[in-house]
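From first to last, the protein sequence lines are chains A and B. Read in the working numbering, the first sequence has -10 at position 9, and its numbers run on one by one without any break. Read in the working numbering, the second sequence has 80 at position 99, and its numbers run on one by one without any break. Yeah, the Cβ is synthetic: ideal placement off N, Cα and C, and Gly gets one too. One structure is given here, and the rest of the page talks about it.
2 protein chains.
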Amino acid sequence: MGNQMTEMLKGTLEGIVLAILARRSAYGYEITAWLRDRGFSDIAEGTIYALLVRVEQRGFVDVEKVPSEKGPPRKVYSINAKGRDQLAEFWRTWTVLAERIEQLHHTDNQQDQGA
Amino acid sequence: MGNQMTEMLKGTLEGIVLAILARRSAYGYEITAWLRDRGFSDIAEGTIYALLVRVEQRGFVDVEKVPSEKGPPRKVYSINAKGRDQLAEFWRTWTVLAERIEQLHHTDNQQDQGA
DNA sequence: CCTCGCTATTAAGCGTCGCTAGCTACCGGT
DNA sequence: ACCGGTAGCTAGCGACGCTTAATAGCGAGG
């Protein structure tokens, strides 16, 4: 929807997908559907594929081609050790940023309750 | 520092600066120093100025030129009504995203405590 | 005097990211 | 034969933050 969310997803979407893959392996179409179910309905379809290509090239995931009963073969992505390191780094950065912003949010609300 | 933080700041830095201006008016150099004090030490100097130009062009802030005792005149930015609307929208988007990501964080931690 | 350093702002060019739009391809049902 | 759902790929775009360099005013020190 809003481009506000679009800009905010930059830098976080990769972490989101890695977090999903940390729970279980999945393929692009599946991840997109999963995100839509979870309320990330504003994420464009093609974005996930491009992101998966990127994380594969960086060596954060392993790929396995699996034939599908209904449609072209799926590319199933599994997070690997390097990917888990990256994910941990993502959570560290996220936590730091979220805490700082939350502090701002509180002081902001003290002045502007009508937010 | 890390480009991880750099990417995450995309979309959030504007909200951060608007939140600062919601507390009190300020000029670029001052904001940069303030951010450095508050732990946002990884934000580049020039970035804030470019951002301020942007929010001014979008009409989120009013500007007043004030002579400085030591150096060239300062451009003091004040948030206006439109800017407060934008800030409120920012907090809405931020809250939604932060909640979704936090949910992922919990389920992620259940599997991978050793992050 | 002239340079150094601090204050303060501006601008050009770069890389990364998510989005848009369109395409390929496989399969089953009508 | 056609269409819709499944599944993936890609080129080009705009937005954002970073890097780097330039400009400019002012005070202190050589």
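Query: DSSP three-state call for R81(B): helix, strand or coil?; Result: helix
Query: Secondary structure at P53(A), three-state DSSP: helix, strand or coil?; Result: coil
Query: If you drop the 5 nearest sequence neighbours on each side, which residues of the same chain put their C-beta closer than 8 Å to that of N61(A)?; Result: G40, F41, V42, D43
Query: Nearest to E26(B) by CA position, among T76(B), I12(B), W72(B), R81(B), is which residue?; Result: I12(B)
Query: Report yes or no: is there a C-beta of chain A within less than 8 Å of the C-beta of G40(B)?; Result: no
Query: Quick check: the Cα distance between L(-6)(B) and V36(B), rounded to an integer number of angstroms?; Result: 11 Å
Query: The alpha helix (DSSP H) spanning D18(A) covers which residue range?; Result: 9 to 18
Query: Mapping DSSP to helix, strand and coil, what is D23(A)?; Result: coil
Query: Using 8 Å as the cut-off, can you tell me whether the stretch 75 to 82 of chain B makes contact with the stretch -15 to -1 of chain A, which would need three or more C-beta pairs spanning the two stretches below that distance?; Result: yes
Query: Work out the CA separation of A0(B) and F71(B) for me, nearest whole Å.; Result: 9 Å
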